[in-house]
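Numbering (the numbering used here), first residue to last: 2 to 956.
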């Protein structure tokens with residue numbers, strides 16, 4: 002079939018005669034010697050390589066006007082090198098010139114030349130990879146620099162011109178027929194340099210191509226093929242991919258019949274321009290995820306002999322749902338739309354808005370129930386790491402596939418370069434298989450994406466690094482993928498390799514996030530503007546990113562661009578949540594779990610720092626706690642009344658990379674749960690899991706337990722003293738000096754127990770003695786743990802702890818520890834002679850003048866200040882013998898120690914900005930010298946903070 006019909010060209014060729022072509026007959030003469038050679042048979046004796054250059058120069062240079070003689074700028078380049086893999090087409094046509102010593106190229110058309118006896122459609126037997134000359138030419142078109150729209154395939158006898166969008170139709174010219182003026186004029190009119198080349202806008206023949214498509218309803222719709230079969234065929238092309246870019250689908254036939262690039266996808270809706278889709282949608286509805294066909298449509302499908310139409314429609318809709326398309330629109334009559342909208346400013350059929358609802362139909366096509374399966378991606382979102390490990394461990398060797406490798410990737414497995422060898426095995430398994438060409442490219446992409454996760458000092462490390470450094474994905478596409486994938490799939494795989502979808506998602510998410518911030522700021526100022534559309538956009542692109550990466554097992558989770566996209570999405574949600582009146586009212590489980598899994602913990606913590614609560618509904622709270630339960634249970638093995646660490650998870654956590662990944666998820670999960678406004682009753686659902694997790698004692702660092710410890714402190718009524726004792730009986734024997742792994746949880750339990758179960762105490766003498774022994778020889782932080790334990794220890798055993806404090810302070814006195822013991826009332830001021838040691842310690846740590854310098858600032862030394870607080874809180878008499886050691890005090894420090902007998906001739910009212918302790922300020926009540934000084938200052942220069950202290954403590 003010809004690209005341009007004779008009827009279409011007639012109107013343009015009627016005024017195009019030989020007089021309009023420079024040296025028309027000279028061009029015809031250039032063809033004559035080649036035609037003579039064909040007729041005599043001489044051409045068949047010549048080898049392709051011997052005649053190629055001469056024919057290209059004569060036919061394309063002289064006849065079609067592609068100049069090649071200028072050394073600075075030319076239009077024809079033989080043996081043009083591709084920009085991806087170094088392969089060369091026989092000729093390229095466009096704008097060429099010298100740039101910085103190299104040839105710059107903007108290619109508009111490429112040509113593949115074959116010998117005179119070659120069948121252009123036949124598979125080339127001499128090639129290693131069996132493809133036709135046409136296939137070969139189209140491969141070059143996709144790899145040339147510039148904007149290549151036209152492809153030429155010729156063998157001297159026949160010259161074919163193809164539009165790059167299809168190998169099915171072409172404009173064909175037999176060389177002998179070009180002696181006819183009409184045929185030669187047609188070819189020159191369509192394919193001369195003036196018609197194909199332009200630096201700006203569309204070239205003449207490109208415009209003719211667009212016009213021909215519009216006048217012929219854009220794409221030649223085969224009336225014998227029903228739209229159901231056409232839709233089924235196009236979606237079947239992408240078997241092997243769980244998710245396809247909806248913007249890419251929007252530009253494929255039969256969704257797009259304009260023959261031009263369109264922007265027909267927005268937030269789950271795909272707008273189509275095919276009237277046949279209108280007819281289909283008019284005859285069906287989707288009710289409760291089920292497709293229902295009308296009787297009229299059923300009859301039409303039967304008449305058209307469509308086999309199993311309901312299954313095909315459901316397949317198409319399901320695949321579209323996987324591409325985040327839940328609604329289809331279609332117009333009934335394109336010509337009617339053009340007429341009605343003619344002259345409307347800004348209207349274009351290429352864009353999605355402005356006409357579909359008025360001139361067509363919109364239908365929900367959502368046939369996908371929201372269910373959780375047992376694929377590794379779903380299990381990961383459930384935080385069910387144990388289930389992932391079990392699934393991987395029970396996968397037979399012959400069934401190991403991309404999902405298996407992706408499961409290991411999600412778990413963070415990196416020891417001994419294990420991930421590389423899993424991918425290498427899949428590379429071998431999928432290589433050369435048409436049905437797995439998409440998976441093959443994904444394996445290659447995963448190898449490249451994970452190159453930084455392999456260790457040179459592990460198994461085959463140097464060889465792996467060298468191989469991956471030299472892995473060229475462009476070459477993979479050029480020499481392997483191109484050969485097995487159809488045109489639509491091939492173009493999509495190239496986009497996938499180039500990260501086109503991820504980059505577009507990044508751009509759209511950044512815009513929506515910044516827009517939600519603007520809307521928040523506007524509403525906080527008192528104006529009203531809604532943000533719902535932006536939240537919907539963030540939802541759409543979050544799901545799209547998830548589907549594109551996790552559903553197709555593309556290993557991008559660790560890449561900074563992906564993590565930054567998820568971070569911006571969640572930041573956008575927060576902005577909307579903080580928008581008064583019109584913002585997002587609550588978070589759902591999907592928003593929260595994506596934040597837990599994909600936003601770096603430090604980033605997430607900073608986002609939530611000043612947000613007291615993330616509002617969620619009851620179901621979301623229940624679901625999130627269920628996920629946390631699975632995460633905790635992943636670390637636990639139980640049996641015969643015993644609890645121990647799950648051996649599979651323990652082995653996994655020995656892998657440093659895996660452990661670090663799990664630490665982040667663990668910390669983020671409890672950070673989010675702690676912000677969900679849970680009640681004690683809610684937390685009781687995971688109480689046993691928390692206890693079992695802590696008893697199993699997986700190897701987590703203390704800083705990652707802060708969220709869990711905070712949850713225990715906040716919701717201690719969800720626990721029992723008996724449950725806390727179970728944990729302490731497991732932790733205390735493992736406590737040791739200078740090891741603070743358990744500090745956060747241990748201290749949290751002690752504080753919570755003391756606060757909520759004050760009448761219940763630990764009476765296990767062995768446990769208390771164990772705690773004391775484990776702290777001997779420790780430092781100040783170690784002994785602070787003992788101080789917390791003292792509060793929940795039975796009175797008859799508290800003496801064991803006090804005795805150890807006595808021993809420690811006698812041997813290695815520590816002022817900070819002593820202060821803490823005094824303030825917590827474990828010790829009294831008159832206990833032994835430690836107060837005298839304390840005074841000496843504070844004086845020894847005092848700096849001249851009571852100040853020290855840091856980063857150019859003068860800071861108050863707190864040693865004497867802290868002593869003064871102890872003195873005033875516990876009413877230590879100022880004639881205590883220990884005070885004989887007080888020497889070298891500044892006036893401020895003397896005032897702090899004894900404000901009642903201080904010489905106020907040296908008083909500076911600014912001292913009140915440093916002496917802020919209520920314990921001390923209460924001593925100043927009624928002190929007239931201080932009151933007068935403050936009143937005088939306030940009258941001169943009002944200070945609200947000083948005024949507050951004045952009224953609260955002084956008068």
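Using N, Cα and C, we set each Cβ at its ideal position, and we do this for glycine too.
Only a predicted model underlies this, so the values are computations on that prediction, with no experimental measurement involved.
CA-to-CA distance, residue j to residue i, given in whole angstroms
i: residue 732; j: residue 705; result: 17 Å
i: residue 243; j: residue 491; result: 16 Å
i: residue 645; j: residue 374; result: 29 Å
i: residue 629; j: residue 284; result: 46 Å
i: residue 745; j: residue 877; result: 34 Å
i: residue 299; j: residue 255; result: 21 Å
i: residue 890; j: residue 691; result: 52 Å
i: residue 862; j: residue 816; result: 14 Å
i: residue 311; j: residue 560; result: 41 Å
i: residue 28; j: residue 16; result: 19 Å
i: residue 186; j: residue 279; result: 41 Å
i: residue 388; j: residue 436; result: 29 Å
i: residue 596; j: residue 501; result: 23 Å
i: residue 873; j: residue 413; result: 56 Å
i: residue 289; j: residue 318; result: 14 Å
i: residue 184; j: residue 88; result: 34 Å
i: residue 567; j: residue 322; result: 21 Å
i: residue 118; j: residue 213; result: 33 Å
i: residue 703; j: residue 660; result: 14 Å
i: residue 627; j: residue 729; result: 25 Å
i: residue 234; j: residue 96; result: 38 Å
Residues that residue i bridges to, as DSSP identifies them
i: residue 74; result: 98
i: residue 788; result: DSSP lists no partner for residue 788.
i: residue 367; result: Residue 367 pairs with nothing; no bridge assigned.
i: residue 89; result: 82
i: residue 11; result: Partner(s): none; residue 11 has no beta bridge.
i: residue 949; result: Note: residue 949 sits in no beta bridge, so no partner.
i: residue 106; result: 97
i: residue 329; result: 271, 364
i: residue 285; result: 294
Contacts around residue i, its chain only, beta-carbon distance under 7 Å, and the 5 residues preceding and following it disregarded
i: residue 819; result: 810, 835, 839
i: residue 752; result: 714, 789
i: residue 822; result: 788, 806, 828
i: residue 956; result: 932
i: residue 541; result: 268, 269, 325
Exposed unless 16 or more other CB atoms sit within 10 angstroms - verdict on residue i
i: residue 619; result: exposed
i: residue 46; result: exposed
i: residue 786; result: buried
i: residue 650; result: buried
i: residue 281; result: buried
i: residue 919; result: exposed
i: residue 556; result: buried
i: residue 957; result: A question about residue 957 goes unanswered here, because the residues of the chain that appear run from 2 up to 956.
i: residue 336; result: exposed
i: residue 440; result: buried
i: residue 847; result: buried
i: residue 871; result: buried
Nonlocal neighbours in the same chain, by C-beta distance under 8 Å from residue i, ignoring five residues either side
i: residue 98; result: 73, 74, 75, 104, 105
i: residue 228; result: 255, 275, 277, 278, 280, 281
Spatial neighbours of residue i in its chain, beta-carbon cut-off 6 Å, leaving aside the 5 residues before and after
i: residue 749; result: 710, 713, 714
i: residue 402; result: none
i: residue 219; result: With a pLDDT of 43 at residue 219, under the threshold of 50, the modelled position of that residue is not reliable, and the figure given next carries that caveat. Excluding sequence neighbours, residue 219 sits near 258, 259, 260.
(request) Count the CB pairs spanning the segment 66-79 and the segment 137-154 that are closer than 8 Å, and state whether there are at least three. (result) The answer is no - the segment 137-154 does not touch the segment 66-79, with fewer than three Cβ pairs under 8 Å.
(message) For the segment 141-149 against the segment 96-114, do three or more pairs of beta-carbon atoms, one drawn from each stretch, fall closer than 8 Å, so that the two count as touching?
(response) In short, these stretches touch, since the Cβ pair count reaches three.
(message) If contact is defined by three or more beta carbon pairs under 8 Å, each pair taking one atom from either stretch, is the segment 630-644 in contact with the segment 380-395?
(response) Touching, per the Cβ criterion.
(message) For the structure I just gave you, are there three or more beta carbon pairs, one from the segment 498-513 and one from the segment 224-239, closer than 8 Å?
(response) Under the Cβ criterion (8 Å, minimum of three pairs), the segment 498-513 does not count as touching the segment 224-239.
(message) Taking contact to mean 3 or more Cβ pairs, one atom from each stretch, closer than 8 Å, check whether the segment 421-435 and the segment 656-664 are in contact.
(response) Per the Cβ contact rule, the segment 421-435 is not in contact with the segment 656-664 (fewer than 3 Cβ pairs under 8 Å).
(message) Three Cβ pairs or more, each shorter than 8 Å: is that satisfied between the segment 468-477 and the segment 522-541?
(response) Not touching, per the Cβ criterion.
(message) Check whether the segment 562-579 and the segment 454-463 touch, using three or more Cβ-Cβ pairs below 8 Å as the test.
(response) No: the two stretches stay apart, fewer than three of their Cβ pairs being nearer than 8 Å.
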